[in-house]
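**Q**
Residue numbers (the working numbering): 23 to 427.
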């Protein structure tokens with residue numbers, strides 16, 4: 023561990039201390055596996071926080087990136103470019119949306135969605151219609167606007183004054199939602215799966231209630247699929263399983279296989295609000311990002327890959343239930359496809375990081391979703407054998423953790 027310790031000391035000397043990196047410093051990855059500076063090889067079921075939809079360094083995406091890198095990297099949005107047009111066309115074809123705005127991150131895509139909602143209401147319905155409804159425990163990004171839209175006080179603390187006219191409801195509570203939406207509401211922003219907040223899937227009834235209320239009061243329904251999108255739940259986007267179509271859809275993370283790219287998709291009648299000068303992004307839609315994202319999307323949208331997501335997700339959930347039968351750890355196992363959360367029961371509340379650290383020592387990389395939830399977001403191409411191995415390594419980590427609790 024000497025190399026790791028030395029490099030982390032160098033990191034601490036030069037980096038702003040807003041992160042707390044694990045004692046594993048990766049140098050290479052292939053598929054579902056990563057290797058660190060010490061030569062340790064781990065099974066990656068964290069996927070860069072649901073970013074590596076095709077695993078590390080997927081060959082066809084690497085080839086697309088290399089090919090574009092020898093042609094054109096950046097031109098600015100004074101110009102259109104072919105990869106940008108082709109990616110936008112593919113997104114519209116696969117989702118049914120009509121217009122796309124490109125940026126670099128989920129925060130920026132959500133920022134664009136919220137600005138669109140405010141500006142559309144201002145232009146069409148009047149300046150007093152400016153209230154945005156979000157949900158407690160939600161997460162929508164780190165800009166001042168999106169961190170305010172997120173329903174986690176700890177992320178907002180100390181950054182005030184915050185943008186006003188934000189209201190927070192209780193997720194999956196239809197009656198609470200009905201009380202909060204009214205004539206002032208310009209948008210509801212929601213995650214079809216509340217990921218950072220503990221991996222809670224929205225019920226179809228809740229999503230449909232949100233849609234009906236937006237229709238009733240002339241508000242935009244924004245689905246934040248930064249984490250749940252691009253195949254993660256077994257459909258290309260999670261909303262496709264809920265029987266509801268949003269007015270605005272945001273996508274990032276897995277869209278570029280780790281290359282920074284994000285998209286906001288919407289209908290033409292809403293998009294017309296954002297005329298030249300109203301919004302922009304210097305790097306958004308650059309040729310290199312768009313070529314990489316197009317190659318990613320072409321692979322992830324294949325029916326056989328989406329079927330693997332559903333099958334491996336079912337295998338993972340079944341395996342977690344079997345582990346729970348043996349060790350009585352979890353109060354709930356939740357999720358869709360390969361976005362799965364296992365919530366620790368009352369006996370082990372607050373100990374999620376301890377289990378994650380012991381799993382890493384056994385050769386398995388996991389995530390947390392808050393202090394009580396183990397989160398799994400592996401490559402969508404993970405094999406049956408790799409899921410089985412992951413469960414074996416997790417069990418070894420559980421045994422070691424329980425020895426110390």
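For each residue, glycine too, the CB sits at the ideal point set by N, CA and C.
State yes or no: is the C-beta of residue 396 within less than 7 angstroms of the C-beta of residue 374?
**A** Translated into positions along the chain shown, residue 396 becomes position 374. Translated into positions along the chain shown, residue 374 becomes position 352. Going by C-beta atoms, residue 396 is nearer than 7 angstroms to residue 374.
**Q** When you compare each of 281, 142, 423 to residue 73 by their alpha carbons, which one comes out closest?
**A** To locate residue 73, count along the chain shown from 1; it is residue 51. Comparing Cα-Cα distances from residue 73 to each of 281, 142, 423, the minimum goes to 281.
**Q** Just mark residue 110 as buried or exposed, buried being the case when its beta carbon has 16 or more other beta carbons within 10 Å.
**A** Counting from one through the chain shown, the residue named residue 110 turns up at place 88. Buried, since its Cβ has 16 or more Cβ neighbours within 10 Å.
**Q** Ends of the alpha helix (DSSP H) at residue 92?
**A** Residue 92 sits at position 70 when you count from the first residue of the chain shown. Neither: residue 92 is in no alpha helix (DSSP H) and is coded neither H nor E.
**Q** Can you give me the C-alpha to C-alpha distance between residue 190 and residue 160, rounded to a whole angstrom?
**A** Residue mapping note: residue 190 aligns to position 168 of the chain shown, counting from 1. Residue mapping note: residue 160 aligns to position 138 of the chain shown, counting from 1. Their backbone Cα atoms lie some 9 angstroms apart in a straight line.
**Q** Whole angstroms is fine: what's the gap from residue 401's alpha carbon to residue 53's?
**A** Stepping through the chain shown from its first residue, residue 401 is reached at position 379. Stepping through the chain shown from its first residue, residue 53 is reached at position 31. Near 8 angstroms, if we compare the C-alpha coordinates of residue 53 and residue 401.
**Q** Among the candidates 298, 317, 42, 188, whose CA atom is the shortest distance from the CA of residue 101?
**A** The residue given as residue 101 occupies position 79 in the chain shown. Minimum Cα distance to residue 101 is reached at 298.
**Q** In or out: residue 126 buried (at least 16 other Cβ within 10 Å) or exposed?
**A** Translated into the one-based positions of the chain shown, residue 126 becomes position 104. Classification for residue 126: buried.
**Q** Nearest CA to the CA of residue 167: which residue from 317, 134, 332, 216?
**A** Position 145 of the chain shown holds residue 167. Comparing Cα positions, the closest option is 134.
**Q** Have a look at residue 408 and residue 372 and give me their C-alpha separation to the nearest angstrom.
**A** Counted from its first residue, the chain shown places residue 408 at position 386. Counted from its first residue, the chain shown places residue 372 at position 350. Going by the C-alpha atoms only, they are around 28 angstroms apart.
**Q** Give, in chain order, every unbroken run of the beta strand (DSSP E) that is at least 3 residues long and sits entirely within the segment 307-363.
**A** Those beta strand (DSSP E) runs which fall completely within the segment 307-363 and span 3+ residues are 352-358.
**Q** Could you tell me which uninterrupted alpha helix (DSSP H) segments, each at least 4 residues in length, are contained entirely in the segment 45-127, listed from first to last along the chain?
**A** Listed in chain order, the complete alpha helix (DSSP H) runs (minimum 4 residues) inside the segment 45-127 are 69-72, 81-91, 104-117.
**Q** If you follow the beta strand (DSSP E) that residue 285 is part of, which residue opens it and which one closes it?
**A** As a first step, residue 285 must be located in the chain shown, where it is residue number 263. Note, residue 285: beta strand (DSSP E), 284-288.
**Q** Quick check on the DSSP output: what are the complete alpha helix (DSSP H) runs of length 4 or more inside the segment 165-238, in order along the chain?
**A** Qualifying alpha helix (DSSP H) stretches, in chain order: 166-171, 175-178, 196-202.
**Q** Below 7 angstroms CB to CB, which residues in the same chain sit around residue 260 once its five sequence neighbours on both sides are set aside?
**A** Counted from its first residue, the chain shown places residue 260 at position 238. If we look at residue 260 and ignore the five residues flanking it on each side, its Cβ neighbours are 214, 215, 247, 250, 251, 358.
**Q** Starting from residue 155, trace the beta strand (DSSP E) both ways and give me its first and last residue.
**A** Reading the chain shown from its first residue, position 133 is the one you call residue 155. Where residue 155 is concerned, the enclosing beta strand (DSSP E) stretches over 153-157.
**Q** Around the C-beta of residue 343, are 16 or more other C-beta atoms found within 10 angstroms, so that it is buried, or is it exposed?
**A** As a position in the chain shown, residue 343 is number 321, starting the count at 1. With fewer than 16 Cβ atoms within 10 Å of its Cβ, residue 343 is classed as exposed.
**Q** Could you give the distance in angstroms between the alpha-carbon of residue 114 and the alpha-carbon of residue 271?
**A** Counting from 1 along the chain shown, the entry for residue 114 is found at position 92. Counting from 1 along the chain shown, the entry for residue 271 is found at position 249. Near 11 angstroms, if we compare the C-alpha coordinates of residue 271 and residue 114.
**Q** Go through its chain and collect everything with a Cβ distance to residue 209's Cβ below 6 angstroms, but skip five positions before and after it.
**A** As a position in the chain shown, residue 209 is number 187, starting the count at 1. These residues qualify, in order along the chain: 139, 154, 241, 242, 244.
**Q** When you compare each of 47, 69, 289 to residue 60 by their alpha carbons, which one comes out closest?
**A** Walking along the chain shown from the start, residue 60 turns up at place 38. Cα-wise, what sits closest to residue 60 is 47.
**Q** Could you check where the alpha helix (DSSP H) with residue 420 kicks off and where it finishes?
**A** By one-based count along the chain shown, residue 420 stands at place 398. It spans 406-426 - the alpha helix (DSSP H) in which residue 420 sits, taken as one unbroken run.
**Q** Classify residue 296 as helix, strand or coil using the three-state DSSP reduction.
**A** In the chain shown, counting from the first residue as 1, residue 296 sits at position 274. In the structure shown, residue 296 sits in coil (DSSP, three-state: anything other than H, G, I, E or B).
**Q** If you drop the 5 nearest sequence neighbours on each side, which residues of the same chain put their C-beta closer than 8 angstroms to that of residue 230?
**A** Working through the chain shown from its first residue, we reach residue 230 at position 208. So the qualifying residues of the chain are 264, 265, 266.
**Q** Looking at the unbroken beta strand (DSSP E) that takes in residue 245, where does it start and where does it end?
**A** On the chain shown, position 223 is the one that residue 245 refers to. Its beta strand (DSSP E) spans residues 242-246.
**Q** Taking the continuous beta strand (DSSP E) assigned at residue 270, which residues delimit it?
**A** Sequence index remark: in the chain shown, residue 270 carries index 248 (1-based). Looking at the DSSP string, the run of the beta strand (DSSP E) that includes residue 270 is 270-273.
**Q** Three or more C-beta pairs closer than 8 angstroms, one from the segment 300-318 and one from the segment 84-101: is that the case here?
**A** Segments in contact, yes.
**Q** Going by CA-CA distance only, name the one from 381, 295, 378 that's closest to residue 146.
**A** By 1-based counting over the chain shown, the position of residue 146 is 124. Among 381, 295, 378, the Cα nearest to that of residue 146 is on 295.
**Q** As a quick exercise: from 385, 313, 207, pick the residue whose alpha carbon is nearest that of residue 85.
**A** In the chain shown, the residue the question calls residue 85 occupies position 63. It is 313 whose Cα lies nearest to the Cα of residue 85.
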